[in-house]
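K.L.:
Residue numbers (the numbering used here): -4 to 262.
Ideal placement from N, C-alpha and C gives every residue a C-beta, glycine not left out.
Sharing a structure below in structure tokens format, with a few things to ask.
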Ligand code: URA
């Protein structure tokens, strides 16, 4: 809330109005692209900063990612929300990877083992990577939210997707990871990751099939989350994901056999 009327800015007024709406139970409002960019600039947490000495040390992607991992543990923007669980689950993979996958948030298995995509969705993801001729170790896997979203004391193994506030709190970390790694392209797994990284809304089916660009530069593809394929084993769902992955393989100039091109087509 604005502290005193003589210093009230438009940003204070917007913040107060949004807070009032949120208290009334409104969690989603329509905004155009320009408004969304302004809101992001105003309310996203600042990117992780480094002191001059630290910056001089951080010359390699390994050092940058290691620094981000350490910063993420006590990431105050996320902790402040009080809606995320204690344990931070950082990314995994090759910091020199040309492909970065962005998931949603750690679930029960990921929190337990401290690594993204190690549960059933992770096994499905490994299958997809194998079909592409890739191993997990060759790519970099991150989540748009680095903490398992909390569902209270009796959560057990249940998981929920992160809220827009939880995503906004962690987004500076993800953007800093992408700046450190400088991949050739990114794949958002599911709508939550896509909305978090690219902004906007829309279903996966409306976002997939084309290249988006982060900051007008980095090519980003959106596809279904592997857990969607666990729920929907139809040939058409598997083919849709596979076509997205073929586009990624083409982007990375990976070899594609005729057999691979025909995966999941009806016989
Ligand atoms: N789903 C995700 O989006 N990320 C994980 O790390 C695990 C499951």
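1) Can you tell me whether residue 167 is helix, strand or coil according to DSSP?
2) Using 8 Å as the threshold, is the C-beta distance between residue 181 and residue 173 below it?
3) What are the boundary residues of the beta strand (DSSP E) that includes residue 143?
4) Under 8 Å between the Cβ atoms of residue 225 and residue 148?
5) From which residue to which residue does the alpha helix (DSSP H) around residue 24 run?
6) At the level of alpha carbons, what is the spacing between residue 252 and residue 110?
7) For residue 159, which three-state DSSP category applies?
8) With DSSP collapsed to three states, give me the class of residue 214.
9) Any contact between the stretch 117 to 136 and the stretch 149 to 158? By contact I mean 3 or more CB pairs, one from each, below 8 Å.
10) Using a Cβ-based criterion (distance less than 7 Å to any ligand heavy atom), does residue 111 qualify as near the ligand URA?
11) Check residue 244 in the structure and name its three-state DSSP category.
12) In terms of residues, what are the limits of the alpha helix (DSSP H) holding residue 75?
13) Let's see if you can read the secondary structure: which residues bound the beta strand (DSSP E) around residue 136?
14) Could you pull the start and end residues of the beta strand (DSSP E) that residue 96 belongs to?
15) Determine the direct distance from the alpha carbon of residue 7 to that of residue -4, and round the result to whole angstroms.
16) Look at the alpha carbon of residue 192 and the alpha carbon of residue 262, and state the distance between them as a whole number of angstroms.
17) By the 10 Å Cβ neighbour count, where 16 or more other Cβ atoms means buried, how is residue 208 classified, buried or exposed?
18) Are there 16 or more other CB atoms within 10 angstroms of the CB of residue 146, so buried, or fewer, so exposed?
19) By how many angstroms is the C-alpha of residue 156 removed from the C-alpha of residue 1?
P.N.:
The answer reads as follows:
1) helix
2) yes
3) 142 to 144
4) no
5) Per DSSP, residue 24 belongs to no alpha helix (DSSP H) and is neither H nor E.
6) 32 Å
7) helix
8) strand
9) no
10) yes
11) helix
12) 71 to 76
13) 135 to 138
14) 94 to 98
15) A caution first: residue -4 carries a pLDDT of 37, below 50, which makes its placement in the model unreliable, though a value can still be read off. So the alpha carbons of these two residues sit roughly 6 Å apart.
16) 37 Å
17) exposed
18) exposed
19) Confidence in residue 1 is poor, its pLDDT being 44 and thus under 50, which makes the residue's placement unreliable; the coordinate value appears in the next sentence. Cα-Cα distance, rounded: 40 Å.
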